[in-house]
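Each number in this note's numbering corresponds to the 1-based position in the sequence shown with 32 added. Presented below is the structure to which this report refers.
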Amino acid sequence: MILFTLILLPFTYLMLSLLITNTQVKKLLALIFATVNLAWVVMVLVRVSTEEMLVVNMGSWPAPYGITLAADRFSAFMLVIAAFVFLLVSYYSSQSIDRERRNNGHFFYSFGILMGVNGSFIAGDIFNLYVWFEVMLISSFILMGLGGERKQLEGSIKYLILNLIGSMFFLAGIGLLYGKVGTLNMADIASRISLAGDNFAALNPALILIVVGFSIKGALFPFFFWLPASYHTPPPAVTALFAGLLTKVGIYSLIRIFTLFLFHDYAFWSNVVFWMGGLSMVVGVIAASAQMELRKILAFHIISQSGYMAIALGFFTEAGIAAAIFFTAHNMLSKTNAFLVAGWVHRERGTLNLKILGDMFQRSPLWGVLFFISAFSLAGLPPLSGFFGKFMVLKAGVESRHILISMVALFVGLITLFSMVKIWLEVFWKLPPSEKVRTMTYKVKPSGRMLAASTIMACAIIAMGLCANSIGNYCTLAARDLLNPQKYISYVLENK
């Protein structure tokens with residue numbers, strides 16, 4: 033029941049919110065359930081740390097015949113970071129999201145996303161992983177369009193259509209794979225693939241479709257177009273939730289199937305991952321540097337930073353996979369908080385256009401510091417989490433003798449620094465460009481809960497940097513497990 037509860041908790045909130053009409057009660061329940069979810073996943077992490085892996089066979093049907101839920105060090109770590117991000121974004125949203133959107137189900141659909149995220153991280157068979165992807169897609173599509181503004185509807189339609197294409201590829205790949213191996217349980221698929229030997233190439237058409245589906249979800253080149261076309265349209269709190277959770281589930285899934293299936297044809301798949309990762313880094317960061325709207329800059333950097341995770345996976349060494357895990361967790365915190373600060377800026381000035389903004393540091397030095405921490409963590413400055421994440425990626429690349437792609441990653445980091453400095457100077461440091469804007473009196477809106485959520489997130493970014501050695505050691509243990517797929521297979525199939 034310990035793993036099933038991760039699905040039951042958000043589902044219970046969804047059912048209660050249908051029965052309750054009072055918006056304030058719904059908001060309070062959302063914060064309570066988000067807190068309980070975080071406490072529960074911490075317990076899962078502790079259990080996994082001592083027992084190495086938790087496996088639950090639903091209905092007592094043994095794998096591979098029934099539905100299997102499984103959590104190893106990797107998935108438990110991702111569950112904790114996701115739950116932490118979800119709780120803080122929910123607390124932030126309790127003040128930043130307007131009453132109309134709360135009345136129309138903002139927290140309801142947010143918990144739909146949480147249920148999909150939790151389900152994805154513990155799914156033990158590939159079809160259920162698809163199901164949880166669709167739960168996230170439906171919830172996020174409605175959440176993106178909530179409010180009915182023209183730009184939101186345009187963004188949500190683009191988001192839905194392109195992600196449905198990704199789902200179509202994913203489902204088609206699952207069908208082809210099932211036709212070849214006769215099972216959907218991921219451990220059983222891995223076991224049968226390991227026995228296929230030289231026949232593995234026959235599975236590549238199915239696996240290519242699945243990888244395309246994950247790459248669309250993870251916003252990797254050349255499948256990223258839906259993200260910058262849609263992420264700037266909903267309220268910033270919604271964008272922060274999406275940035276922290278949705279693309280990272282795609283990256284998680286890519287890491288999972290690479291270490292279970294794809295490594296059997298490493299020569300082919302490493303090249304695919306390197307090209308997607310390298311081009312994602314370069315295209316994303318160059319496109320970001322050309323933007324003059326705060327959320328568009330941050331959205332393109334999601335693409336760029338997904339590239340770091342992909343190339344670290346492509347190294348396929350213990351250090352490389354540990355770097356991919358650490359970097360993913362760092363990005364979930366830093367990117368989310370950058371969007372939270374953007375939400376405060378929008379709340380105060382009603383725009384995120386860099387040409388119009390300015391002088392926000394004088395307006396609130398604390399918010400300026402919070403953006404500094406988040407943005408320069410993304411840029412990779414010490415002692416923040418981003419520095420150690422990028423250091424681990426570069427170190428793994430040099431050790432595995434992938435010097436060229438490591439140099440590309442270093443170059444991209446310098447351009448990322450340029451983008452973050454541009455935002456800092458344009459939004460927080462310079463005076464507004466017109467006398468009218470400089471003398472305008474802005475209505476002060478309460479933002480205490482928003483500030484508290486962003487401050488806690490910034491402290492977590494600093495703490496992750498200061499505790500990088502301990503967290504890195506945990507990521508190394510998780511990577512070691514991933515590089516030993518037989519361990520996953522034996523725990524799931526033999527119920528070790």
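Cβ coordinates follow ideal geometry from the N, Cα and C atoms, glycine included. All of these numbers come straight from a predicted model, not from anything done at the bench.
Using CA coordinates, which residue listed in the options is at the minimum distance from residue i?
| i | options | result |
| --- | --- | --- |
| LEU514 | MET85, VAL78, CYS499 and VAL57 | MET85 |
| LEU529 | GLY421, LEU398, TYR520 and GLY310 | Absent from the structure is residue 529, since the part of the chain shown begins at 33 and ends at 528. |
| LEU292 | ASP220, PHE253, ILE248 and PHE36 | ASP220 |
| ILE353 | GLY375, MET308, HIS296 and LEU426 | LEU426 |
| HIS264 | MET313, SER199 and LEU330 | LEU330 |
| PHE306 | ALA361, VAL112 and PHE348 | PHE348 |
| ALA361 | VAL121, ARG327 and ALA115 | ALA115 |
| SER396 | MET324, ARG379, PHE256 and ALA275 | ARG379 |
| GLY390 | MET324, GLY148 and TYR520 | MET324 |
| LEU410 | SER451, GLY418 and ALA428 | GLY418 |
Give the DSSP bridge partners of residue i, in chain order.
| i | result |
| --- | --- |
| LEU277 | In DSSP, LEU277 forms no bridge with anything. |
| GLU325 | ASN385 |
| ASP157 | ASN217 |
Going by DSSP, what residue range makes up the beta strand (DSSP E) through residue i?
| i | result |
| --- | --- |
| THR100 | 100-103 |
| GLU87 | Here residue 87 turns out to be Val, not Glu, going by the sequence shown. Where VAL87 is concerned, the enclosing beta strand (DSSP E) stretches over 86-89. |
Over what stretch of residues does the alpha helix (DSSP H) that includes residue i continue unbroken?
| i | result |
| --- | --- |
| LEU372 | 350-381 |
| PRO96 | From DSSP, PRO96 is part of no alpha helix (DSSP H); its letter is neither H nor E. |
| HIS138 | 138-154 |
| ILE39 | 37-51 |
| PRO260 | 258-262 |
| CYS491 | 480-498 |
| LEU449 | 435-455 |
| MET75 | 55-83 |
| ILE34 | Here ILE34 belongs to no alpha helix (DSSP H), and DSSP marks it neither H nor E. |
| PHE393 | 392-395 |
Residue i: buried (16+ other C-beta within 10 angstroms of its C-beta) or exposed?
| i | result |
| --- | --- |
| MET33 | exposed |
| GLU458 | buried |
| THR215 | buried |
| ILE335 | buried |
| ARG433 | exposed |
| PHE36 | exposed |
| LYS280 | buried |
| LEU235 | buried |
| SER49 | buried |
| GLY198 | buried |
| THR368 | buried |
| VAL78 | exposed |
| ARG131 | exposed |
| ILE154 | buried |
Helix, strand or coil for residue i per DSSP?
| i | result |
| --- | --- |
| GLY220 | Note on identity: in this sequence residue 220 is Asp, with Gly being the wrong assignment. Residue state, collapsed to three classes: helix. |
| LYS462 | coil |
| THR508 | helix |
| GLY250 | coil |
| PHE293 | coil |
| THR265 | coil |
| PHE420 | helix |
| ASN135 | helix |
| PRO558 | Residue 558 falls outside the range modelled here, since the chain spans only 33 to 528, and no answer is possible. |
| GLU181 | coil |
| GLY245 | helix |
| GLU431 | helix |
| ILE129 | coil |
| LEU227 | coil |
| ASN303 | helix |
| THR473 | A caution first: THR473 carries a pLDDT of 46, below 50, which makes its placement in the model unreliable, though a value can still be read off. THR473: coil per DSSP, three-state reduction. |
| PHE255 | coil |
| ASP513 | helix |
| GLU526 | coil |
Looking at residue i and the ligand COA, is the gap between the Cβ and the nearest heavy atom below 6 Å?
| i | result |
| --- | --- |
| VAL78 | Here there are no bound small molecules, and the ligand COA is not part of this structure. |
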